[in-house]
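Start counting the sequence shown at 1; every next residue gets the next number (the numbering used here).
Quick reminder that beta carbons are idealized off the backbone N, C-alpha and C, glycines included.
On a predicted model such as this, the values are computed, not experimentally measured, just so you know.
Below is one structure, written out as structure tokens; comments come after it.
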Amino acid sequence: MTVEARFKCTGKTPLTEGSSIKFSATYNDGLDNKDWSKYTPSGELSMVVTNPGAEDQFVVGTVYKLTFEAI
1 MTVEARFKCT GKTPLTEGSS IKFSATYNDG LDNKDWSKYT PSGELSMVVT
51 NPGAEDQFVV GTVYKLTFEA I
């Protein structure tokens with residue numbers, strides 16, 4: 001089973017190598033998070049990305065779909 005969640009990139013801080021990238025669960029943007037949140041979603045995600053090609057894909061203010069799947 002998979003669960004999809006929508007998170008908005010809320011910050012991108014350059015580091016010596018790569019960037020620290022922050023995300024928050026999104027709402028009121030025409031998308032929903034009904035797979036995991038019945039009401040207003042709440043959640044945060046942060047990660048350090050050191051691959052330049054991947055780092056460039058994350059833009060502050062953009063909403064991303066995250067897919068959670070057990071492996």
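Cα-Cα separation between residue i and residue j, rounded to whole angstroms
i           : j          : result
residue 44  : residue 27 : 13 Å
residue 60  : residue 19 : 12 Å
residue 121 : residue 21 : The requested residue 121 does not occur in the structure, where the chain is confined to residues 1 to 71.
residue 41  : residue 66 : 14 Å
Per-residue DSSP class, three states only, for residue i
i          : result
residue 70 : coil
residue 41 : coil
residue 55 : helix
Assigned exposure category for residue i - 16 Cβ within 10 Å defines buried
i          : result
residue 68 : exposed
Nearest candidate by alpha-carbon position, reference residue i, set the options
i          : options          : result
residue 8  : 52, 14 and 33    : 33
residue 57 : 5, 12 and 1      : 12
residue 16 : 4, 2 and 50      : 50
residue 14 : 2, 39, 36 and 52 : 52
Residue-chain proximity (residue i, chain C), Cβ-Cβ < 7 Å
i          : result
residue 43 : Given the protein chain composition of this structure (a single chain), no chain C is represented.
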